[in-house]
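Q:
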Amino acid sequence: MLNAERIREDFPILKRKVYGKPLVYLDNAATTQKPRQVIQAMNDYYETYNSNVHRAVHRLSQEATEAYDEAHEKVASFIAAKGMEEVAFTKNTTESINVLAGSLSRQLQKNDEIVLTQMEHHSNIVPWQQAAKRAGAKLRFLEIDGNGELKLQQLRETIGKKTKIVAFTHVSNVLGTINPAREIIAAAKEIGALTVVDAAQSVPHMPVSVKELGCDFMAFSAHKMLGPTGVGVLYGKEELLEKIEPVIYGGDMISEVSFEDAKWNELPWKFEAGTPNMAGAVGLAAAVDYLQKVGMENVHQHEKILTRKAMERLKQIEDLTIYGPEAGKRGGLVAFNVNGVHTHDVSAILDAEGIAVRGGHHCTMPLARLLGIPGTTRASFYLYNTNEEIDKLADALEMVTAKMNKPAMTTTQGKAAK
Ligand code: C6P
4 MLNAERIRED FPILKRKVYG KPLVYLDNAA TTQKPRQVIQ AMNDYYETYN SNVHRAVHRL
64 SQEATEAYDE AHEKVASFIA AKGMEEVAFT KNTTESINVL AGSLSRQLQK NDEIVLTQME
124 HHSNIVPWQQ AAKRAGAKLR FLEIDGNGEL KLQQLRETIG KKTKIVAFTH VSNVLGTINP
184 AREIIAAAKE IGALTVVDAA QSVPHMPVSV KELGCDFMAF SAHKMLGPTG VGVLYGKEEL
244 LEKIEPVIYG GDMISEVSFE DAKWNELPWK FEAGTPNMAG AVGLAAAVDY LQKVGMENVH
304 QHEKILTRKA MERLKQIEDL TIYGPEAGKR GGLVAFNVNG VHTHDVSAIL DAEGIAVRGG
364 HHCTMPLARL LGIPGTTRAS FYLYNTNEEI DKLADALEMV TAKMNKPAMT TTQGKAAK
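Anchor point for the sequence shown: position 277 equals 280 in our numbering, and the numbering is continuous, going up by one each time.
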């Protein structure tokens with residue numbers, strides 16, 4: 004078990020007040036807070052060995068290169084990849100998926116199919132829409148049921164002979180659903196399709212092993228796992244990364260260039276064109292160290308406890324609708340609507356209590372449309388959140404519903420959610 008109170012000591016921002024009230028930060032699915040260890044590692048980089056990597060022989064460049072490469076090794080070991088050759092750094096999950104879609108689209112032919120799910124983030128829809136358009140391929144969607152779970156009985160109908168790529172979110176950023184990744188990957192493998200796992204909401208919150216999952220590619224972001232913004236991870240099986248073409252060209256991703264042509268660098272640098280985010284990589288390495296020290300199973304179990312408590316309390320509140328499956332089947336987040344009150348009003352009332360949640364469509368517009376709602380209010384948890392904070396959330400929501408029943412309450416109901 005982890006000690007959230009002890010962990011909170013490492014996060015300077017959690018000491019701050021908002022409108023005179025202690026900050027209750029429940030917007031971790033959007034981005035997480037950073038522990039002192041991460042901030043210090045990045046400061047240390049800038050204060051003592053800031054330099055470009057893989058380019059110069061001077062001492063500072065050697066130190067920066069060592070730290071940068073080591074960050075790749077740490078991430079590789081964190082997700083049980085073979086080694087750093089399977090881990091390229093990008094800007095974020097979005098860029099990782101765009102690189103894959105851009106590259107894999109060159110192998111697609113007319114009428115090939117790409118299978119996604121109905122609960123994807125825009126980052127795992129739009130790049131594939133563009134890829135499909137370029138190749139004349141088609142998108143198909145694994146459907147969700149009334150509980151917000153994938154209809155697995157349709158798995159082998161949706162993933163068929165024409166399927167070339169199956170790209171899906173491991174954990175939904177709205178429904179919280181933990182998808183049965185192994186089963187989906189196994190179905191894709193049966194017909195020889197490539198698999199891409201959007202792990203933006205899983206790698207930060209639970210043990211994830213690419214070896215166990217057997218996926219071909221995976222994407223996630225440092226900023227959602229205690230690390231800095233501006234660093235993302237693109238994992239790929241070595242033999243596949245060797246085979247596919249890069250889509251961003253320039254310095255460091257080449258081994259040889261003539262006026263006419265170029266040869267690509269070895270992995271993973273073939274996918275890292277230009278000066279990378281060195282300080283960010285150092286910060287990500289420190290975040291991985293931090294999470295490994297706490298233990299990912301402990302993080303997962305802690306979030307399960309918080310989620311179960313949140314669902315129990317929220318279910319007691321009249322006029323509140325929760326989306327997604329029961330607590331045992333979801334990651335550490337709960338999205339809901341207070342009936343008759345726009346999500347932005349709910350978020351604003353909670354904000355006045357110092358509680359940071361996110362309201363809107365959470366970059367899953369097709370899912371929101373499917374659910375017939377403009378958006379939801381979402382509380383998302385992490386290792387530093389406490390039971391007491393869940394009580395504060397539930398108490399504040401009780402206040403929202405009480406206010407709602409008063410005639411003076413004005414809402415922005417009907418306006419489009421952002
Ligand atoms: N979801 C949220 O509040 P980036 O922005 O590239 O780091 O991550 C994109 C992304 C991809 N997939 C999933 C499942 C995600 O949840 C996200 C980011 C944030 O839900 C910001 S929209």
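Beta carbons: idealized from backbone N, C-alpha and C, even for Gly.
(1) Just to confirm, does D354 get its C-beta within under 7 Å of one of the non-hydrogen atoms of ligand 1?
(2) Using a Cβ-based criterion (distance less than 7 Å to any ligand heavy atom), does C366 qualify as near ligand 1?
(3) Is the CB-CB distance between S99 and V211 below 8 Å?
(4) For A265, decide whether its Cβ has a neighbour in chain D, counting only Cβ atoms nearer than 8 Å.
(5) Does the region 85-105 come into contact with the region 219-237, if we say contact requires no fewer than three beta-carbon pairs (one atom in each stretch) closer than 8 Å?
(6) Quick one: residues in its chain with C-beta nearer than 7 Å to the C-beta of S383, no 5 flanking neighbours on either side, listed in chain order?
(7) I'd like to confirm something about N127: is its beta-carbon nearer than 7 Å to some heavy atom of ligand 1, or not?
(8) So is the beta-carbon of S224 under 7 Å away from any non-hydrogen atom of ligand 1?
(9) How big is the Cα-Cα spacing for E248 and F92?
(10) For the candidate residues K113, M407, P279, A284, whose alpha-carbon lies nearest to that of T346?
(11) Can you give me the Cβ contacts of R39 inside the same chain, cut-off strictly under 8 Å, excluding the 5 residues immediately before and after it?
(12) Exposed or buried, N182, counting other C-beta atoms within 10 Å across all chains shown (16 or more means buried)?
(13) DSSP has L237 in a bridge; who is on the other side?
(14) Does DSSP put T198 in a helix, a strand or coil?
(15) Would you say the beta carbon of D201 is closer than 7 Å to some non-hydrogen atom of ligand 1?
(16) Should T180 and E215 be called a contact, given that it needs their Cβ atoms to be closer than 8 Å?
(17) Quick one: is the Cβ of A338 within less than 7 Å of any heavy atom of ligand 1?
(18) Between K18 and ligand 1, is the CB less than 7 Å from at least one heavy atom?
(19) Counting Cβ pairs closer than 8 Å, one from the region 34-51 and one from the region 247-265, do we hit at least three?
(20) Would you identify the three-state DSSP class for N268, choosing helix, strand or coil?
(21) Given a threshold of 16 other Cβ atoms within 10 Å of its Cβ, counted over all protein chains shown, does S258 qualify as buried or as exposed?
A: A quick look at the data gives this:
(1) no
(2) Relative to ligand 1, C366 has its C-beta within less than 7 Å of a heavy atom.
(3) No. Outside cutoff.
(4) Among the protein chains of the structure shown there is no chain D, as only one such chain exists.
(5) Contact holds: three or more Cβ-Cβ distances are below 8 Å.
(6) L29, D30, N31, A32, G335, L336
(7) Checking the Cβ of N127 against ligand 1 gives yes.
(8) yes
(9) Near 16 Å, if we compare the C-alpha coordinates of F92 and E248.
(10) M407
(11) D13, F14, P15
(12) It is buried - the Cβ of N182 has at least 16 other Cβ atoms within 10 Å.
(13) A91, A222
(14) strand
(15) yes
(16) no
(17) A338 has its CB no nearer than 7 Å to any heavy atom of ligand 1.
(18) no
(19) no
(20) Coil at N268, not helix or strand.
(21) exposed
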